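**Student:** The structure's right below; bear with me while I get my questions together.
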Amino acid sequence: MKFISRFDSEALQVNALMDLASDVGRPYRDIELLTRIVKRQKDFDDDVATAISKVSTNLRHFRQRLDLKRYLEPNFASLLLDAASSMPTAPEYLFNPLLSTTASLVGTAARILVNPGGGYVQPMIFWTGNIAHSGQAKTPPQKVVVQPLADLEAEAYTVYEEEAKEYEKDKSTDASPPRRKRFLLNNVTIPLKIRIHSENPRGLLEYLDELVSDYTRLNQYKRGVGDDLQQELTFFNGDNNNYDRGDVRLLLKRTGFSKTGTYQWDTLARLMEDEVNFVASGYSARFLLCSILDAPIRYLDLFKSNDAVQKFQTALRELYESLSRLSVSDYLLTSEAKVLFEAWNHTLVDAEMLEEHFGLSLVYSKIEAYTARLALWLHIVNALLRNEIPAPVISGTTMQHAIEIASFYLWQHKSIHAHNSPTRQLEGVLLKAQTQAEKYFSRTGKGIGASWLKTRLNALKNWCVEKSALRCFKF
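In our numbering, the protein residues as written are 68 to 542.
Here you go:
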């Protein structure tokens, strides 16, 4: 390659190769083929070196964790951490769906006015998803958090049935037919969930164990052609929604659809290949995604008796009931909170302009929006956990905590893109190799070799052991 690089233009390079072929007495075609192979290997080596540099630089950030005792009221934080330890699971896998579940109970009752004069307002809406491989216990943490809400749903249904029976007994009165109180939705169409929301104007939680169905269901009854995706995206903002279809005329002054669920790594990778609808539309960027690389191994201890999960769910039930009674209010920022949020805004805008990956560049503005929502969430939830009425203004300390949590989720997005983005395959391979190496070391105390690694990762099966990607990456 040093020989070729001495010549600036392709014409000069071809001429030099022809001279070389003549000098060594070989056909030009053989020399040109060898040059292409060497150049391809050089480009590959450069790409691998770049990928390794990025992985090595970012790995510490990919592994950062949330100090939930810093952000939540101490007693509640301890209950959450004890529940996670007893399952076992990463505490973040409980905290992530907790954001959406609690937000759905507040729904349209609370907003944060970041810049009232400029119309910068954020609702209490969260879309969250935990990510893990199949069989890695993605669902149990979700169920722990959602179950108390499901209990409220079941109790409300029992009340509705009793009221419906009483109504049917005597229809001669002018009383309106009873309406069923709803908390949860599971895989419903957009028209139906708008109708249910009109009867439950505060908010609803869409809980889908496999979040892939939230995306694939769009336009399923419209032969794949329609505006379901666009309507779904507007729900993220919580704005008013006019729904006019056939003989149905509904107006929702505000919307409060939060959602939570899980993704499998491979399923998410396939969705990310849809760079137009799943990525470029901003759909995937709207989720707070969470995958803890060093989550605890799922070893059970069946002889250690504790009721940590039950205690946590009891606290959740009390919190959910308190949130459902919260009065409608808007919340402002203190001067200190404004200074912090403004500086964070500038940081994110600068980072967005410098971001070289298009799909990831869409995340920064959503992280900014979520920072405001996280500040609102922390302000309200912690106040209710202290049995206090939330103050009308949000403090600088709360905003600082919101920024720290938002930073965690930004790096989660970066980690997921590095693993799964079709345009960053080398980084994904190296991160998977790193994970395999660490798992093997934790079991045996030994390192791994390139040949062993090739048997574990399909992406490496066609690589030569001598390739620089396997030689220079240290396991």
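No residue lacks a Cβ here, since even glycine has one placed at the ideal position from N, Cα and C. In this text the structure is predicted, and so the values were computed from the model without any measurement.
Taking only the alpha-carbon atoms, compute the straight-line gap between R491 and D333 and give it to the nearest angstrom.
**Tutor:** Low confidence applies here, because R491 scores a pLDDT of 49, under 50, leaving its location unreliable; read the following figure in that light. Cα to Cα, the separation comes out at about 15 Å.
**Student:** Count the other CB atoms within 10 Å of the CB of D281; is the residue buried (16 or more) or exposed (fewer)?
**Tutor:** Its Cβ being crowded by 16 or more others within 10 Å, D281 is buried.
**Student:** Please specify which runs of the beta strand (DSSP E), each continuous and at least 3 residues long, are wholly inside the stretch 355-420, giving them in chain order.
**Tutor:** DSSP runs (the beta strand (DSSP E)) wholly in the stretch 355-420: 355-357 and 396-400.
**Student:** From this set, S153, V173, L172 and L148, which residue's C-alpha is nearest F162's C-alpha?
**Tutor:** Minimum Cα distance to F162 is reached at L148.
**Student:** Should N253 go down as buried or exposed, given a rule of 16 or more other Cβ atoms within 10 Å for buried?
**Tutor:** Classification of N253: exposed, given that the 10 Å Cβ count is below 16.
**Student:** To test your reading of the DSSP string, which unbroken beta strand (DSSP E) runs of 3 or more residues are found completely within the stretch 226-279?
**Tutor:** You should have 271-277.
**Student:** Could you tell me whether the Cβ atoms of V212 and L165 are closer together than 8 Å?
**Tutor:** Taking 8 Å as the Cβ cut-off, V212 and L165 qualify as a contacting pair.
**Student:** Who are the Cβ neighbours of V279 in its own chain at under 6 Å, not counting the five residues just before and after it?
**Tutor:** Only T334 meet the Cβ criterion.
**Student:** Assuming Y274 contacts G328 (C-beta within less than 8 Å), just tell me the rounded distance between them.
**Tutor:** With 8 Å as the limit, Y274 and G328 qualify as a contact, their Cβ atoms being about 7 Å apart.
**Student:** Along the chain, where does the alpha helix (DSSP H) containing Y160 start, and where does it finish?
**Tutor:** Here the alpha helix (DSSP H) through Y160 covers P158 to V173.
**Student:** Using only the alpha-carbon positions, how far apart do E159 and K326 sit?
**Tutor:** Using only the alpha carbons, I get a separation of about 17 Å.
**Student:** Considering only their Cβ atoms, is the gap separating I447 from V173 smaller than 8 Å?
**Tutor:** Contact: yes.
**Student:** Where do the ends of the alpha helix (DSSP H) carrying S482 lie?
**Tutor:** G463 to N487 is the extent of the alpha helix (DSSP H) around S482.
**Student:** Tell me the residue span of the alpha helix (DSSP H) that contains V188.
**Tutor:** That residue, V188, is in no alpha helix (DSSP H); its beta strand (DSSP E) goes Y187 to P190.
**Student:** Which residue or residues does DSSP assign as beta-bridge partners of T322?
**Tutor:** None, per the DSSP bridge assignment.
**Student:** Which of the three DSSP states is assigned to N308 in this structure?
**Tutor:** Looking at N308 - three-state DSSP - the assignment turns out to be strand.
**Student:** Spatial neighbours of Q209 within its chain, please: CB distance less than 6 Å, with the 5 preceding and 5 following residues excluded, ordered by chain position.
**Tutor:** Excluding positions up to five away in sequence, the list reads P164.
**Student:** Is L100 close to chain C? Criterion is C-beta to C-beta, closer than 8 Å.
**Tutor:** Absent from the structure: chain C. Only one protein chain is present.
**Student:** Could you check the C-alpha separation between I470 and E340 for me, to the nearest Å?
**Tutor:** One C-alpha to the other measures close to 30 Å.
**Student:** Between E266 and the rest of its own chain, which residues show a CB-CB distance below 8 Å, the 5 nearest in sequence each way excluded?
**Tutor:** Closer than 8 Å at Cβ, skipping near neighbours: R246, R247 and R249.
**Student:** Which residue or residues does DSSP assign as beta-bridge partners of Y330?
**Tutor:** Answer by DSSP bridge pairing, in chain order: I198.
**Student:** From what residue to what residue does the beta strand (DSSP E) around N182 run?
**Tutor:** Element bounds for N182: A177 to N182.
**Student:** The alpha helix (DSSP H) that contains V430, what's its start and end?
**Tutor:** V430 -> alpha helix (DSSP H) spans V430 to L452.
**Student:** Please report how far the alpha carbon of V188 lies from the alpha carbon of L451, in whole angstroms.
**Tutor:** Using only the alpha carbons, I get a separation of about 22 Å.
**Student:** My output table needs one value for R316: the three-state DSSP class, helix, strand or coil.
**Tutor:** Correct three-state label for R316: strand.
**Student:** Using the Cβ count rule (16 or more neighbours within 10 Å means buried), how would you classify G14?
**Tutor:** Any property of residue 14 remains undetermined from this structure, which presents the chain solely from 68 to 542.
**Student:** Measuring CA to CA, which of V460, S167 and P459 is closest to F303?
**Tutor:** When each option's Cα is compared against that of F303, the closest is S167.
**Student:** Tell me which residue opens and which closes the alpha helix (DSSP H) that Q297 is part of.
**Tutor:** Its alpha helix (DSSP H) spans residues D295 to F302.
**Student:** Pairing CB atoms from the stretch 427-437 with CB atoms from the stretch 477-486, are three or more of them under 8 Å?
**Tutor:** Yes, they touch.
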